[in-house]
Structure formats: C-alpha cells, structure tokens
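Following: one structure in structure tokens, then a few remarks.
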Amino acid sequence: MVDHKDASPSPPIISLEKIKDALKSKDDTQRFVGLALTKSLLDNSQQHRQDEQVIQDLWTSLSPRFLDRLLRTGSKPDANDAKQMLDLAASVMHTFAALLPESSRSEAKFTARIPAIVGALLYSSSETAHLLLQLLHGLVSNSNGARALVQIDDVSPLTELAPSHALVFTIVSFAWLNVMASQQNMAPLASKLDSTLQGLVSSFMGTDAVTLLGFLASFLRQADASMLQPRPKWLKAVVGYIHNLVSSRPAPEARAAYTNATASLLQTYPLDAPKLLFADDKEKYKPWGYLVVNLVLIDIRSSAPSLLEQLNAPHYADMSRRLASAFDIMSIFIGYLVRCLEDESLHSLFISPDNLLKLRSAMTDTMSVTIDYLRDRWDASVAGALGLHPDARSAKAETWTGSHLTLPWDSLADSASNDALMLAALRALALWLREDDNDVLRKQASGLMDMLMHLYRHRDLGKLDFTSPVLVACEALITIRQGREQFLVNDGWQVLGKDLTAVMQDSGTVNDENSASRGTDIVRLLTYVVQEEPGGVIEDWMNLITHAAAWNVTAQGESPVAVQEFQVAVLQLCNTLLVKARLGIRTRYRHSIRAIRGIASQLSSSIGDESPVRDTMEDVLTNIDGLVVGMPPEFR
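Numbering of the sequence shown is given in the working numbering, commencing with residue -10 and proceeding in unit increments.
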C-alpha cells in the first residue's frame, strides 16, 4: 500500500488557456509572464511538445510586435531586465522554430523577424547568439527567409561573429544561394552581396582566416557569376591571408583551405587574381608566385602515389577536392605564364629565369607522377591493365556476393570518368604537354592514349566533359612518332573522324561556334597525322572525302567567323588527304572531288572580302582545281 502522505507535492498545473490569455494581453508585463510560462511549459512537458495543435495555438497567440520589441531590448543595456528579455525571446523563437512544421518557417511571422534577429546579435551573450544563429540557419533554408536576410542593409552584427561562429558561413551561403536559385533579377542585390563578403573578410583581420578561405572556396564556385563584382576591394585582403598561410608551414586543414580558395579565386576572377597571387617582385629569392605553385606541386607529388588505395576512404572526397584544386591552380598558372612569355615586354615576366627553371623541373616531375596516377586510376576503373584491348576487358562476374568486375576496381561514389580529380589532372597535364617541348614526357603520356580515346568516345555519358583536355593532349602527343602510333592503334582517327562528321552536318544548318571551334581543333589534329604519315593515306581515311562530298552547306547569309574557319579547315583537310593519296585513289574519288569543288565554290560565295579566311578560301579553290587538272584526261 502506497503512503501518499510523504509524497512531494506536484507542481501546479498551468492552464493552457491562461497562458494564451497572457500572451494575447495588451499589457507587456502579462505578455512577458505568458512568454516565460510558455518557455517553461515547452521545456518541461514532453506531452505538450509533441502536441501539434498546442504548439500552433501558443504560436498564434504570441504577438509578433511584442517579439520585435523584446529582440530590440538588447540595444538598451540600461533598461531593466534587458538581457533577460532578449534571452527569453531568442529561446522561445528557437523552440517554436524547432517544433512547428517546417512550412511555418517560411511564413511572415518568422521571416519578418529576421532583421530584428540579426540586429539582436550585436548585444547577445555567446549562448544567446548561438541560439539566434541556429534560428537564422533554419529560417534562411527557404526562399522567403533567404530573401529577408539578403535585403538587410547592414548585416555586420552577423558577419562580425564569423571568426567565433562558423555557422555564420552556412547562413550566408544558404541565404544567397537560395536567392540566386529562386529570383530572376539579381542585379540590384549584387552590391549587397559584395558588402556582405567585405564584412566577412574584414572580420578576420589578425587571424589565420582558415575558415573564411574554406567558405570562399565553396561559395564562389556555386555563386551566380553575374552577382559577383568584377574587381572587389576585398580580393587583395584575401590574397594576403593566403600568402600568410603559405609562408607559415600550415597544418593540413589550412593547406586544404588555401589551396581550394586559391583555385576558386583564380577561376572567379581570371583577370585580377593571377596578378595578385602569382606576380610579385621577381628579384625576391622566393616570390609568392613561386612559393604558391611550388607548394602545390609538392602536395601533388606526395599525395598522388597513395590516392588509389584511399578511393573508398571517408576522407577521399576532401583529399580529392584539394588535389583537384591544386591541378586547377597549375592549369591557370601555365596559361598565365604562357601569356606573359608571349608578351615581348620583359617587365611582364613575373618570375626570375632561375626560379622559372626550377619550377619547370618541378612541373615535369609532377606531371610524370600525374601520368602514373591517371594510368593506375584508369586501370583500376576500366581497363584492368595497361595495353589490354577493350574487347579483352573483363566482364562482370556474378557471385553470391553480387555482380562485380573481375579485373578492375573503382570508387563506390564516382567512376573515373565522373571524378573531378581526373578531369583537373588531365587538363593540367594536357596544357603542360602542349606548352613544354619535352618528348620524354610526351612519350610517357602516349601510354594514356587508350584512356583518352575512351573518354572522348563516351563523353556524352558522364557528368564531366573531357572533350577539350583530350584534344589538347592529343595535339601534343601526335607530335612524336610513338604518340601517332598509339593514336592510330587506339582508333583515334575513327573516334575523332566520327565527331568531325557530326559537326560538319550541324554546321550546315546551325551556327554553333563552340562546336565549330571543336571541329577546327579536330581538323588541325587529323591534318598533322596525315602530313606525318610516311606510308601515305590509309584507305579508311578517305571516308572523310565521301562525307565531305555529301556535305550540306546551304548558305543562310554570312556565318560567324568560327564557323567559316571550321568549314575552310575541313576543305583544307580534304586537300591534304587527296594530295597525299596515290593517283589511283584520287581517280576513284573523282566524283567526290568535283562535289567538293562545288561545295568550296558555294562557301566562297558566302564569305565576304573582309573575312579573315578569304585568302585561305582562295587557296583551297586553287588547290582543288589543281587536283582536277592532275587527274588523267579521261577521268576529269
């Protein structure tokens, strides 16, 4: 038998109706009491927290204007109980945001409080600021809340907390990316975004800015380019943060931050960022450009050999992203270096010749390691082994553990052709192979030709576009005999010729300058192969003559220059094939030659006298006429 005499008295049960009446009262004291009772009820009663109707009724009873006044009390520190009022308002709103349906966060009763919430951060304690930041994080996850935040003129109370609260970066990123995705006309908000970024950068003065660099690395890659000011004032300060980290032997986390941030800045601000990051006093023993690139090269050489064994490790995504950024830095550095070297002014060279030679040696070593990595990654993913013909690759084995490949293995997340690191590495390698006259490295890279052709053949099936890097790499590799042999052995002519034919068909009716530029690159590559082939033209290559003879190039006014260049380049390739072909082959293709002559005349009539390809077009006509004259009289 239970003795109730010694049982402790139960706390008084508070009537929900009394709480709602207090919240609806016109008297602020009563409202404050009602708010305090609401907090106590929701903190201590699991039953009420799970009752959606109770939560909704209490929230409906709460005056939004009263919440605004409580949030603003922090701006009056002399007021009695100001801190307590602000803390209570923050806690209650945070609780309601967590308990109400997610759709409620997009309603005006929440989103209209966002300016007051941001303002309250300036006067909040650390604990209350954390609650308010969590509240903001939930509110800006919808488009209404995001718009409310980005419309605020002064977000400095928010940005000033970034060094001590990393959640600020998530809030800013969520808000702006949400608005960019949902709003059409963003131009009026561009200056506000720039002001927000300036505030974030300024708040990290005197710190290592690692978290800031990590945020910028991610945000700039996702942001709408039209929203970013072309020459922001904060760019130089961010470059200063990167330089400070580069010279301080940073920890792995910091190294990843400055590597990713450097790549993002170079891609987002291609005119200004290279000068700030690379160019410096070339008389210095180790200028910033040398240090940044050299550290990136060291990182790649030390990390690449062990990458394959970590394909499915939890940290592979972060490591892969860092190394992809490192390769992107290399690509942009190579391009910037080439532009400076092509400039006749010696003042444009931003690095001393001695340091340039050291970097060239380091780049070559790094690219050699990169070739090994690409070969191993491709074999693991697709080929199974170097030199294994596609027809001999392993099929899937069906076992009690499921279906799997018997020779290759791969990442659980992304195959090699969908790995951004593969694309970045191949892009940097291709540029270096083209710009650096190094036959030894090109000979080593020729062993990747099967991979290059596979990537090009299946370029429309994956998430990433390998087209340009493959063409650039092939352009460099076919300059050596072994590269041309590998190109032909791996069906390079058939793969590129098929794409060239498709571009030809489209160029007759659609003025697609991007496709035309790709077609011109293919023509240049195939022309070089024809010119360097010692045994003359291979019969299969003449299929291109047949396609060219049936080419529909109905003129619809003057085409863009890129399209004209492509069309003339195709005719030049046809000329080269026919000139290199034996007389017997040319005789068999006499009808095609006459058809190509007619196509050339038709194209010539649509090319204006001022066109940059006018003279080349005239040469093409002359050469084709010479081919006709050179045939036996009975076949002309």
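Glycine included, C-beta positions come from ideal geometry on N, C-alpha and C. All values derive from a computational prediction rather than experimental measurement.
What is the rounded straight-line gap between the Cα of TYR247 and the Cα of LEU224?
Straight-line Cα distance between these residues: approximately 14 angstroms.
Cβ shell of SER191 (< 7 angstroms), same chain only, five flanking positions each side left out
None.
Could you round the C-beta distance between THR27 and LEU47 to whole angstroms and report it? I think they count as a contact, below 8 angstroms.
Right, the Cβ-Cβ distance comes to about 6 angstroms (below 8 angstroms), so this counts as a contact.
I need the straight-line Cα distance from GLN36 to GLY195, nearest angstrom please.
One C-alpha to the other measures close to 49 angstroms.
Spatial neighbours of GLN79 within its chain, please: CB distance less than 6 angstroms, with the 5 preceding and 5 following residues excluded, ordered by chain position.
It should be pointed out that residue 79 corresponds to Ala in this sequence rather than to Gln. THR117, LEU120, LEU121, listed in sequence order.
Just to confirm, is the Cβ distance from GLU464 to ILE323 under 9 angstroms?
No.
Endpoints, the alpha helix (DSSP H) within which TYR517 is located
Unbroken alpha helix (DSSP H) run through TYR517: 502 to 521.
When you compare the CB positions of ILE106 and LEU89, do they come within less than 9 angstroms of one another, or not?
At a Cβ-Cβ threshold of 9 angstroms, ILE106 and LEU89 do not count as neighbours.
Alpha helix (DSSP H) containing ALA434: first to last residue?
Counting along the chain, the alpha helix (DSSP H) containing ALA434 begins and ends at 428 to 434.
Classify ARG328 as helix, strand or coil using the three-state DSSP reduction.
If DSSP states are grouped into helix, strand and coil, ARG328 belongs with the helices.
Does DSSP classify GLU424 as helix, strand or coil?
Correct three-state label for GLU424: helix.
Three-state secondary structure (DSSP) at ASP488?
It is helical.
Could you compute how far the alpha carbon of MET494 sits from the alpha carbon of TRP540?
What sits at residue 494 in the sequence shown is Gln, not Met. Whole-angstrom Cα-Cα distance: 7 angstroms.
Inter-residue CB distance, LEU466 and ALA434 (contact presumed, cutoff 8 angstroms):
With 8 angstroms as the limit, LEU466 and ALA434 qualify as a contact, their Cβ atoms being about 6 angstroms apart.
Does the segment 442 to 452 come into contact with the segment 346 to 365, if we say contact requires no fewer than three beta-carbon pairs (one atom in each stretch) closer than 8 angstroms?
They do not touch, by the three-pair rule.
Limits of the unbroken alpha helix (DSSP H) element including ASP57
For ASP57, the enclosing alpha helix (DSSP H) stretches over residues 53 to 61.
Could you check the C-alpha separation between SER594 and ASP608 for me, to the nearest Å?
Roughly 14 angstroms separates the two Cα atoms.
So the alpha helix (DSSP H) ILE231 belongs to, where does it begin and stop?
Per DSSP, the continuous alpha helix (DSSP H) segment holding ILE231 begins and ends at 224 to 235.
Kindly provide the ranges of any alpha helix (DSSP H) runs that are 4 or more residues long and lie completely inside the segment 167 to 216, ordered along the chain.
Listed in chain order, they are 179 to 192, 199 to 211.
CA-CA distance, HIS393 and ASP368?
At HIS393, the pLDDT of 47 sits below 50, so the modelled position is not reliable and the matter cannot be decided from this model.
Pick helix, strand or coil for LEU5, following the three-state DSSP scheme.
Helix at LEU5.
Between which residues of its own chain and THR509 is the CB-CB distance below 6 angstroms, once the five residues before and five after are set aside?
Within the same chain, THR509 has close Cβ partners GLU554, PHE555, ALA558.
Outcome for VAL157 when other beta-carbon atoms lying within 10 angstroms are tallied against a minimum of 16:
Buried, since its Cβ has 16 or more Cβ neighbours within 10 Å.
Where VAL129 and ALA351 are concerned, what is the direct C-alpha to C-alpha distance, given to the nearest angstrom?
Approximately 46 angstroms between the Cα atoms of the pair.
What distance in whole Å lies between the Cβ atoms of LEU31 and ARG20, which are believed to be in contact at a cut-off of 8 angstroms?
Wrong, their Cβ atoms sit about 16 angstroms apart, outside the cutoff.
Can you round the beta-carbon distance between VAL199 and GLU149 to whole angstroms, since I take them to be within the 8 angstroms contact cut?
With 8 angstroms as the limit, VAL199 and GLU149 do not qualify as a contact, their Cβ atoms being about 18 angstroms apart.
When DSSP labels each residue in this structure, what does ALA155 get in the three-state scheme?
In the three-state reduction of the DSSP assignment, ALA155 falls in the coil class, being assigned neither a helical nor a strand state.
Relative to the C-alpha of ALA419, which residue among ALA505, SER504, SER341, ILE321 is closest?
Looking at ALA505, SER504, SER341, ILE321, the one whose alpha-carbon comes closest to that of ALA419 is ILE321.
For the alpha helix (DSSP H) containing ARG277, name the first residue and the last one.
Before going on, a small fix: residue 277 reads as Trp here, not Arg. In the DSSP annotation of this structure, the continuous segment of the alpha helix (DSSP H) that includes TRP277 starts and ends at 277 to 292.
Tell me whether TRP367 sits in a helix, a strand or coil according to DSSP, three-state version.
Helix.
Does LEU300 come out as helix, strand or coil in the three-state DSSP assignment?
Note: LEU300 maps to coil in three-state DSSP.
Should LEU286 and MET319 be called a contact, given that it needs their Cβ atoms to be closer than 9 angstroms?
Yes, they are a contact pair.
Close-in-space but distant-in-sequence residues of the same chain around LEU567 (CB under 6 angstroms, 5 per side omitted):
Same-chain partners within the cutoff: ARG575, LEU616.
Check for me: the alpha helix (DSSP H) holding GLY25 runs from which residue to which?
Note that residue 25 corresponds to Ala in the displayed sequence, not to Gly. Its alpha helix (DSSP H) spans residues 17 to 33.
Do VAL429 and LEU477 have their C-beta atoms within less than 9 angstroms of each other?
The answer is no: Cβ separation not under 9 angstroms.
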